[in-house]
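Protein chains: 2
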Amino acid sequence: MDNDTAQAPRRLGLESSQTRTRFIDAAEEVLRDEGMPELTARQVAARAGLKTQLLYYYFRTMDDLILAVVRRVNERRLARFDEALAGPEPLRALWELNSDPSGAALASELTSIAIHREPIRAEIVRSAQEFRAMQIAAVTRLLPARFGGDGSAAGIVMIAVALARMIVSEAALGLTDGHREALAIVDKTLSNLSDLI
Amino acid sequence: MDNDTAQAPRRLGLESSQTRTRFIDAAEEVLRDEGMPELTARQVAARAGLKTQLLYYYFRTMDDLILAVVRRVNERRLARFDEALAGPEPLRALWELNSDPSGAALASELTSIAIHREPIRAEIVRSAQEFRAMQIAAVTRLLPARFGGDGSAAGIVMIAVALARMIVSEAALGLTDGHREALAIVDKTLSNLSDLI
DNA sequence: GTCTATAGACGGATAGAC
DNA sequence: GTCTATCCGTCTATAGAC
Numbered sequence: 000m001d002n003d004t005a006q007a008p009r010r011l012g013l014e015s016s017q018t019r020t021r022f023i024d025a026a027e028e029v030l031r032d033e034g035m036p037e038l039t040a041r042q043v044a045a046r047a048g049l050k051t052q053l054l055y056y057y058f059r060t061m062d063d064l065i066l067a068v069v070r071r072v073n074e075r076r077l078a079r080f081d082e083a084l085a086g087p088e089p090l091r092a093l094w095e096l097n098s099d100p101s102g103a104a105l106a107s108e109l110t111s112i113a114i115h116r117e118p119i120r121a122e123i124v125r126s127a128q129e130f131r132a133m134q135i136a137a138v139t140r141l142l143p144a145r146f147g148g149d150g151s152a153a154g155i156v157m158i159a160v161a162l163a164r165m166i167v168s169e170a171a172l173g174l175t176d177g178h179r180e181a182l183a184i185v186d187k188t189l190s191n192l193s194d195l196i
Numbered sequence: 000m001d002n003d004t005a006q007a008p009r010r011l012g013l014e015s016s017q018t019r020t021r022f023i024d025a026a027e028e029v030l031r032d033e034g035m036p037e038l039t040a041r042q043v044a045a046r047a048g049l050k051t052q053l054l055y056y057y058f059r060t061m062d063d064l065i066l067a068v069v070r071r072v073n074e075r076r077l078a079r080f081d082e083a084l085a086g087p088e089p090l091r092a093l094w095e096l097n098s099d100p101s102g103a104a105l106a107s108e109l110t111s112i113a114i115h116r117e118p119i120r121a122e123i124v125r126s127a128q129e130f131r132a133m134q135i136a137a138v139t140r141l142l143p144a145r146f147g148g149d150g151s152a153a154g155i156v157m158i159a160v161a162l163a164r165m166i167v168s169e170a171a172l173g174l175t176d177g178h179r180e181a182l183a184i185v186d187k188t189l190s191n192l193s194d195l196i
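Chains as they are written, first to last, in numbering that gives the first Met the number 0: chain A, 0 to 196; chain B, 0 to 196.
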């Protein structure tokens, strides 16, 4: 019926423009470097070197901009996931993917957004579910046969993702108590598994 | 030298008043129920049934109020920790303490605050370190002797805390993929350990 | 100790000229 | 498409009367 997103009755807006992309780039940078509280129209525009009001020509609301960022972040995460699986040590590569500081910082901010901004929650949850399912499927395939059968892969993925995320976000605060010991367990487990395969 | 907190040269402020406590109570409720973005002077005062400006009679800044909440939350957490250790199954009780939804929600919000508000970071990190150290010490004591020697206890605490926190915060979003399987691993591990002890 | 009033910054968003 | 100007809400915090 309508050619636009069906919720904006009468303002202007454009789709695959380069300027639009610059806003998304800037928003992602602000989110990664400064976090959700600083993700304002003015800050994003300043980082993009563009006028604040121009942002509202490309995005109906700030939530629309954030949704675009969410989709972009998820696409890049899936691409990196494929790369990790293609390498010689996919399980270790998956661990390192989940331990990437900037990726983990973005994931933390997105979770925080999902908690507090209901209009965006569904999209963040959807993309998290998609990524979770792919990780579980991959680990199920990669795990030695006698482990993959039951739900061990799913449990292991949960533990690894939770641990990686907490280590990264705590380290950013200067809190590292217990990190070395936890990383030792991960390393030992990964070594044992690669011997078994 | 000064009898006040040594940073406020000239405004009024009072210490162990009941009204002050009401503000701290209200702030903690807002933080738990609505999260950091809603933790404003107006929201806190409204929840306390008091005037907004009165808050600034008891707290020099909003950061001072948040610091009071941080200390309060940490005190209660330590009290619950002692209770958990006093019971018949301390390891399982520790797991459940870390899995408490409202406690985990507060912990998540506090971490988020620590990331974004430098003036408060130090206090949050300090209390997290205190709690972490106590948990590691307790688990080291409780674990069968052949495990406690190296850093296993610290690694296990890290894994348990990270997993519990992620499960709780994801569940609040309606994201539960993999939770059942992860909880099964925890339950099995706790059962094995209590057999060994 | 508690009130009214208000300053001053910043937020999202819109109108309309060019 | 991009600009200037602007509305209106909310925020932290202060001044000063009672």
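All C-beta atoms, glycine included, are put in the ideal place defined by N, C-alpha and C.
With the cut-off set at 9 Å, would you say residue i and residue j are in Cβ contact?
| i | j | result |
| --- | --- | --- |
| residue 40 of chain A | residue 54 of chain A | yes |
| residue 161 of chain A | residue 90 of chain B | no |
| residue 192 of chain A | residue 143 of chain A | yes |
| residue 62 of chain B | residue 47 of chain B | no |
| residue 198 of chain A | residue 168 of chain B | The structure shown does not extend to residue 198 of chain A, since chain A is modelled only from 0 through 196, so no value can be given for it. |
| residue 123 of chain B | residue 139 of chain B | no |
| residue 126 of chain A | residue 68 of chain A | no |
| residue 98 of chain B | residue 166 of chain B | yes |
| residue 94 of chain A | residue 13 of chain A | no |
| residue 84 of chain A | residue 128 of chain B | no |
| residue 49 of chain B | residue 21 of chain B | yes |
| residue 64 of chain A | residue 26 of chain A | yes |
Which residues in chain B sit within 9 Å of residue i, going by Cβ to Cβ distance?
| i | result |
| --- | --- |
| residue 105 of chain A | Result: empty, since nearest Cβ-Cβ is about 12 Å, beyond 9 Å. |
Quick one: which chain A residues come within Cβ less than 7 Å of residue i?
| i | result |
| --- | --- |
| residue 118 of chain B | Going along chain A, no residue has its Cβ under 7 Å from residue 118 of chain B, so there is no contact; the nearest lies around 14 Å. |
| residue 102 of chain B | Chain A residues near residue 102 of chain B: none, gap ~15 Å exceeds 7 Å. |
| residue 131 of chain B | 176 and 177 |
| residue 127 of chain B | 174 |
Please report the Cβ distance between residue i and residue j, rounded to the nearest whole angstrom; I am assuming they are in contact, meaning their Cβ atoms lie under 8 Å.
| i | j | result |
| --- | --- | --- |
| residue 154 of chain B | residue 154 of chain A | No, residue 154 of chain B and residue 154 of chain A are not in contact; Cβ-Cβ is about 17 Å, not under 8 Å. |
| residue 172 of chain B | residue 120 of chain A | 6 Å |
| residue 80 of chain A | residue 157 of chain A | Not really, about 16 Å apart at Cβ, beyond 8 Å. |
| residue 115 of chain A | residue 87 of chain B | Incorrect: roughly 39 Å between the Cβ atoms, too far for contact. |
| residue 96 of chain B | residue 72 of chain B | Rounded, the Cβ-Cβ distance is 13 Å, inconsistent with contact. |
| residue 164 of chain B | residue 107 of chain B | 7 Å |
| residue 57 of chain A | residue 16 of chain A | 7 Å |
Using a cut-off of 8 Å between C-beta atoms, extract the partners of residue i located in chain B.
| i | result |
| --- | --- |
| residue 113 of chain A | 172 |
| residue 135 of chain A | 176 and 177 |
Anything in chain B within Cβ reach of residue i, meaning under 7 Å, just list it in chain order.
| i | result |
| --- | --- |
| residue 110 of chain A | 168 |
Residues of chain A with a CB under 8 Å from the CB of residue i: which are they?
| i | result |
| --- | --- |
| residue 29 of chain B | The contacting residues do not exist; residue 29 of chain B stays about 12 Å from chain A at best. |
Cβ-based contacts, 9 Å cut-off: residues of the stretch 174 to 191 of chain B near chain A: 174, 176, 177, 178, 179, 180, 181, 182, 183, 184 and 185
Residue ranges of each alpha helix (DSSP H) within the stretch 44 to 101 of chain A, 4 or longer: 51 to 57, 61 to 85 and 89 to 97
In chain order, what residues of the stretch 34 to 47 of chain A put their CB closer than 7 Å to some CB of chain B? 34 and 36
May I ask you to list, following chain order, the residues of the stretch 60 to 72 of chain A that have a beta carbon less than 9 Å from some beta carbon of chain B? none
Note down, in chain order, all residues in the stretch 138 to 165 of chain A with a beta-carbon under 9 Å from any beta-carbon belonging to chain B. 149, 150, 151, 152, 153, 154, 155, 156, 157, 158, 160, 161, 162, 163, 164 and 165
Report the start-end ranges of each beta strand (DSSP E) in the stretch 102 to 140 of chain A that is 3 residues or longer and not cut off at the edges. If we require 3 residues or more, the stretch 102 to 140 of chain A turns out to have no beta strand (DSSP E) run fully inside it.
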